[in-house]
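Q: Please find one structure pasted underneath; my questions will follow.
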Amino acid sequence: MDNITLSEETGTVPTSVPDTAQNQVRLTDIEVTDENMALNIIVSFLGVAQQRGTFSIAESAKIYECIQKFISKPANSSA
2 MDNITLSEET
12 GTVPTSVPDT
22 AQNQVRLTDI
32 EVTDENMALN
42 IIVSFLGVAQ
52 QRGTFSIAES
62 AKIYECIQKF
72 ISKPANSSA
């Protein structure tokens, strides 16, 4: 699952190099091509809302817990 990384203030995602403002796309301009993309965009909007102080600490913790269910964990090669 590809994760979308937000810029901190604008609600945009970098398309390649994170430190160039020219390579950022607004979340509202991203084409929703499948369910995975839709979920990633929703999670990105939740991140923007959190940065704006929308949620309480308890709500943020629950949202984080839910998001972690969708993030793939690397396989442990030593197990």
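Residue numbers (the working numbering): 2 to 80.
By construction, the Cβ of each residue, glycine as well, lies at the ideal position given by its N, Cα and C atoms.
Is it buried or exposed for Ser-45, if we count other Cβ within 10 angstroms and need 16 for buried?
A: So Ser-45 ends up on the buried side.
Q: Distance check for Asn-77 and Val-26, CA to CA, integer angstroms please.
A: Val-26 and Asn-77: Cα-Cα distance of roughly 34 angstroms.
Q: Does the Cβ of Asn-41 have 16 or more other Cβ atoms within 10 Å, making it buried, or fewer, making it exposed?
A: Asn-41 comes out buried.
Q: Leaving aside the five residues before and after Lys-70 along the sequence, list all residues of the same chain whose C-beta is less than 7 angstroms from its C-beta, in chain order.
A: Cβ within range, chain order: n/a, list empty.
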